[in-house]
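Undergrad: Dropping the structure in here first, questions after.
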């Protein structure tokens with residue numbers, strides 16, 4: 014039966030002034046309802062770029078933490094709070110923006126969020142104190158959360174079942190390339206500009222993301238599929254998700270793995286640069302190499318999920334993560350040094366490419382498609398909140414030794 018294309022008129026003046034929707038979007042959404050297994054590379058590239066707001070906002074900034082501490086006259090612990098503030102903004106932004114996208118559609122919250130992200134990046138450029146920078150970083154993260162949460166919601170709108178798992182694995186491959194580029198780019202920017210120049214780069218990248226989203230992908234949540242009761246219904250959906258054991262099990266599985274990653278991200282620049290003596294440029298290369306393993310494993314997972322249940326792949330990934338974390342703790346206690354630390358960090362980071370895509374796809378698949386934004390927002394909030402809290406606790410212990418980095422890494426669970 015031929016598929017009829019439909020069009021609809023924007024429901025508000027705000028929607029009317031946004032760029033027009035691509036003509037084929039209604040057909041693509043209809044195909045997804047019929048169980049389409051075809052993954053469009055355009056979706057992967059745009060959604061992967063949107064989901065990359067988190068690593069771009071954090072990882073590009075990492076090599077400059079010591080410079081921020083020196084320039085603004087703050088301790089390293091206070092400088093690290095600017096990173097934590099961004100992560101918390103990413104967490105709370107998702108739980109607010111996700112439900113909004115269920116009621117208003119994906120397009121308007123996405124474009125408004127990206128525009129606010131660009132503005133906050135420019136304001137961070139002129140921040141005079143560490144306190145103001147931390148506040149601006151929180152709002153920047155809050156706005157950037159629109160890209161993360163709505164990217165996953167759009168994937169849930171368009172795909173289902175194994176196609177959804179493959180789509181998330183592929184877009185996370187694109188997403189995971191950001192940590193390869195971001196620290197290296199941030200470190201290289203520091204060779205001819207100050208840490209403030211990094212926020213200029215983030216503003217430019219946000220502008221590119223706005224254009225790609227405006228003209229590359231349209232509205233995937235038709236008015237007939239939105240929450241008719243508005244925001245109140247979406248918040249009821251969030252409460253229902255909190256009591257959904259399957260959703261919460263997979264959400265916690267990904268969250269504890271994500272927390273271990275946040276500990277690595279927030280502590281590694283101090284450990285590898287201050288304790289082991291790596292330069293910011295070498296640290297960026299090491300960080301990028303680990304991220305390359307992560308992207309590679311995510312690509313492998315996209316192939317494996319065609320033949321093996323994602324539940325089994327997730328369980329094996331969690332087991333490997335726990336073993337590597339325990340081994341790393343032993344290496345740190347024994348004082349073996351970089352020759353033992355770096356290989357284990359590579360295996361640890363790469364293994365996240367097996368855990369996060371499967372846990373995310375399974376969590377989203379356990380929910381109603383009408384509440385994909387709420388599910389994505391709650392999943393992201395749990396991930397970033399657990400990660401930010403654990404990273405802050407490790408930071409408070411101190412960065413004079415690498416030992417605090419070891420114990421949190423085995424913190425990972427798998428509930429099936």
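In the numbering used here, the protein residues as written are 14 to 429.
Positions of the beta carbon are idealized from the N, C-alpha and C atoms, including for glycine.
It should be emphasised that the depicted structure is a prediction, and the values quoted were computed from it without experimental measurement.
1. Less than 7 Å between C-beta atoms, sequence neighbours within five positions excluded: which residues of the same chain meet that for residue 311?
2. Go ahead and pull the three-state DSSP assignment for residue 314.
3. If we count the other Cβ atoms within 10 Å of its Cβ and call it buried at 16 or more, is residue 344 buried or exposed?
4. Looking only at its own chain, which residues have a Cβ that is under 6 Å from the Cβ of residue 392, when we skip the five neighbours before and after it?
5. Which class does residue 208 belong to by DSSP, given the choice of helix, strand or coil?
6. Give the DSSP-derived three-state secondary structure of residue 320 in the structure shown.
7. CA-CA distance, residue 116 and residue 239?
8. In the DSSP assignment, find the alpha helix (DSSP H) that holds residue 85 and state where it starts and stops.
9. For residue 177 and residue 292, I'd like the C-alpha separation in whole angstroms.
10. Quick one: what's got a C-beta closer than 8 Å to residue 146's C-beta in the same chain, skipping five residues either side?
11. Would you kindly check if the distance between the Cβ of residue 155 and the Cβ of residue 102 is under 7 Å?
12. Comparing C-alpha positions only, which one of 56, 55, 76 sits nearest to residue 287?
13. Tell me which residues share the same chain as residue 38 and place their Cβ nearer than 6 Å to its Cβ, disregarding the 5 neighbours each side in the sequence.
14. Take residue 250 and list the residues in its own chain whose beta-carbon comes closer than 6 Å to its own, dropping the five residues that flank it on each side.
15. According to DSSP, simplified to helix, strand and coil, what is residue 389?
16. Would residue 275 and residue 106 be called neighbours here (beta carbons separated by less than 7 Å)?
17. Distance, Cα to Cα, residue 357 vs residue 319?
18. Taking a contact to mean a Cβ-Cβ separation below 7 Å, would you say residue 143 touches residue 91 in this structure?
19. Between the alpha carbons of residue 170 and residue 233, how many angstroms are there, rounded?
20. Am I right that residue 223 and residue 128 are in contact with their C-beta atoms under 8 Å? What's the rounded C-beta distance?
21. Roughly how many angstroms separate the alpha carbons of residue 26 and residue 329, rounded to a whole number?
22. Should residue 56 go down as buried or exposed, given a rule of 16 or more other Cβ atoms within 10 Å for buried?
23. Taking a contact to mean a Cβ-Cβ separation below 7 Å, would you say residue 211 touches residue 89 in this structure?
24. Within the same chain, show all residues whose beta-carbon is closer than 6 Å to that of residue 394, passing over the 5 residues directly before and after it, in chain order.
25. In the structure shown, what three-state DSSP assignment does residue 257 receive?
26. So residue 173 is in the alpha helix (DSSP H); what residue range does that whole segment cover?
27. Would you tell me roughly how many angstroms separate the C-alpha atoms of residue 296 and residue 213, rounded to the nearest one?
28. Do residue 168 and residue 60 have their CB atoms nearer than 7 Å?
29. In this structure, does DSSP put residue 65 in helix, strand or coil?
30. Going by C-alpha to C-alpha distance, which of 266, 152, 119, 123 sits closest to residue 132?
31. Considering residue 375, what are the terminal residues of the alpha helix (DSSP H) in which it resides?
32. Would you call the CB atoms of residue 68 and residue 191 closer than 7 Å?
33. At which residues does the alpha helix (DSSP H) containing residue 121 begin and terminate?
TA: By the coordinates alone:
1. 182, 185, 186, 189, 366, 370
2. helix
3. buried
4. The beta carbon of residue 392 sits closer than 6 Å to the beta carbons of 264, 376 from its chain, once the five residues preceding and following it are set aside; these are given in chain order.
5. Here residue 208 sits in coil by DSSP.
6. coil
7. 5 Å
8. Where residue 85 is concerned, there is no enclosing alpha helix (DSSP H), given that its DSSP letter is neither H nor E.
9. 40 Å
10. 81, 85, 95, 137, 140
11. yes
12. 76
13. In this predicted model, residue 38 has a pLDDT of only 44, less than 50, meaning its place in the structure is not dependable enough to derive any value.
14. 384, 387
15. helix
16. no
17. 28 Å
18. yes
19. 6 Å
20. The C-beta distance from residue 223 to residue 128 rounds to 6 Å, short enough to fall under 8 Å.
21. Confidence in residue 26 is poor, its pLDDT being 42 and thus under 50, which makes the residue's placement unreliable; the coordinate value appears in the next sentence. Whole-angstrom Cα-Cα distance: 50 Å.
22. buried
23. no
24. 104, 107, 108
25. coil
26. DSSP places residue 173 outside any alpha helix (DSSP H), giving it a letter other than H or E.
27. 22 Å
28. In contact: residue 168 and residue 60 (Cβ atoms closer than 7 Å).
29. coil
30. 152
31. 351 to 378
32. yes
33. 120 to 137
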